[in-house]
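Inspection log for the structure reproduced underneath, given as structure tokens.
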Amino acid sequence: MTAEPSLAATTGHRPPAPADFRHAMAEFATGVTVITGMDGEEPVGFACQSFASVSLEPPLVLFCADHRGRSWPRMRDSGRFCVNVLGEDQQDLCARFGSSRGLRYEGLDWELSPWDTPSLPGVLVRVHAAVHAVHTAGDHDVVLGRVLSLEHVSQGRPMVFFRSRFGLDEPAPPLTPELWFGSGQWG
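Residues 0 to 186 in numbering that gives the first Met the number 0 are what the sequence shown lists, from first letter to last.
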């Protein structure tokens with residue numbers, strides 16, 4: 000069996016360095032969610048911007064999570080999760096669940112849904128789902144979920160992450176990559 004030639008050998012180009020890839024992907028605006036689930040009796044969750052709808056029939060969604068992170072591996076075996084879609088004014092929730100040092104549920108008024116997943120307060124929409132399939136992709140898992148129920152919770156504008164900052168018109172400086180993307184903090 001012969002090994003396939005590398006991309007550099009066949010095209011003369013090397014894949015981008017991680018910092019270059021992160022910088023280029025920052026040009027794509029995303030919404031921000033918090034994926035929640037249970038580890039036994041303990042609620043867990045993480046901020047996630049890699050979320051999308053996949054199929055209408057059957058209704059499927061996906062999210063990507065660092066499989067070395069501290070939250071996704073703990074909720075995976077429960078078989079269920081909730082995608083809490085954040086509004087633009089919910090940076091406090093994003094900070095709680097987006098930092099490895101965040102106090103996730105402490106002092107937060109959350110409820111356990113009928114599907115045994117944590118429901119966060121004041122979000123735009125909650126998508127309750129069962130794990131349908133998990134595929135390893137590099138350092139992340141691509142998680143497909145079969146949608147069980149939808150909850151429209153509040154009206155408002157979504158939280159948007161663009162060029163390493165929140166919002167489209169914000170003059171604030173970009174967030175440091177270590178705060179939001181380093182060492183499994185988003186998964």
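From the three backbone atoms N, C-alpha and C, an ideal C-beta is built for every residue, glycine too. Since this is a predicted model, take the numbers as computed values, not measurements.
Determine the burial state of Ser-52: buried for a count of at least 16 other Cβ atoms within 10 Å of its Cβ, exposed for fewer. Along the sequence shown, one-based indexing puts residue 52 at 53. Exposed, by the Cβ-count rule.
Based on the DSSP secondary-structure assignment, which residues constitute the bridge partners of Met-74? As a first step, residue 74 is located in the sequence shown; it is residue number 75 there, counting from the start. For Met-74, which the question treats as bridged, DSSP gives no partner whatsoever.
Please state the DSSP three-state secondary structure of Met-37. Here residue 37 refers to the residue found at position 38 of the sequence shown. Looking at Met-37 - three-state DSSP - the assignment turns out to be strand.
Per DSSP, what kind of secondary structure is His-22 in: helix, strand or coil? Looking up residue 22 in the sequence shown gives position 23. In the structure shown, His-22 sits in a helix (DSSP, three-state: H, G or I).
Between the segment 90-105 and the segment 131-142, do three or more beta carbon pairs fall short of 8 angstroms? Contact between the segment 90-105 and the segment 131-142 is absent, with fewer than three C-beta pairs closer than 8 angstroms.
Starting from Gly-144 and walking both ways along the alpha helix (DSSP H), at which residues does that stretch end? Counted from its first residue, the sequence shown places residue 144 at position 145. Under the DSSP assignment, Gly-144 falls outside any alpha helix (DSSP H), being part of the beta strand (DSSP E) whose first and last residues are 139-151.
Apart from the five residues just before and just after Glu-150, which ones in its own chain have a Cβ nearer than 7 angstroms to its Cβ? Against the sequence shown, residue 150 aligns to sequence position 151. Counting only Cβ-Cβ distances below 7 angstroms, and skipping sequence neighbours, we find Val-124, Arg-125.
Using three-state DSSP, classify Gly-68 as helix, strand or coil. Reading the sequence shown from its first residue, position 69 is the one you call residue 68. If DSSP states are grouped into helix, strand and coil, Gly-68 belongs with coil.
Okay, do the segment 69-86 and the segment 31-39 touch, 3+ Cβ pairs below 8 angstroms being the bar? Verdict: yes, contact present.
Using the rule of at least 16 other Cβ atoms within 10 Å of the residue's Cβ for burial, across every protein chain shown, is Met-37 buried or exposed? Counted from its first residue, the sequence shown places residue 37 at position 38. If you draw a 10 Å sphere on the C-beta of Met-37, you find 16 or more other C-beta atoms in it, and that means buried.
Classification of Ser-70 by the beta-carbon crowding that lies within 10 angstroms, buried from 16 upward: Reading the sequence shown from its first residue, position 71 is the one you call residue 70. Burial check for Ser-70: the Cβ neighbour count within 10 Å reaches 16 or more, so the residue is buried.
What separation, rounded to the nearest whole angstrom, lies between the Cα atoms of Asp-19 and Pro-113? Reading the sequence shown from its first residue, position 20 is the one you call residue 19. Reading the sequence shown from its first residue, position 114 is the one you call residue 113. Distance between the alpha carbons of Asp-19 and Pro-113: 43 angstroms.
For Phe-62 versus Cys-81, is the C-beta spacing smaller than 8 angstroms? Locating residue 62 in the sequence shown gives position 63, where the first residue counts as 1. Locating residue 81 in the sequence shown gives position 82, where the first residue counts as 1. In this structure, Cys-81 does not lie closer than 8 angstroms to Phe-62 by Cβ.
Using the C-alpha atoms, what's the distance from Cys-93 back to Pro-157? For the purposes of this step, residue 157 is taken as residue 158 along the sequence shown, with counting starting at 1. For the purposes of this step, residue 93 is taken as residue 94 along the sequence shown, with counting starting at 1. Their Cα atoms are separated by approximately 12 angstroms.
Label Phe-180 either buried or exposed according to how many other C-beta atoms from any shown protein chain fall within 10 Å of its C-beta, with 16 as the threshold for buried. Taking the sequence shown and counting its residues from 1, the one referred to as residue 180 is at position 181. Confidence at Phe-180 is low in this model, with a pLDDT of 47, below 50, so its placement is unreliable and no value can be given for it.
For Pro-117: DSSP bridge partner residues: Here residue 117 corresponds to residue number 118 of the sequence shown, with the count starting at 1. The beta-bridge partner set that DSSP reports for Pro-117 consists of Leu-111.
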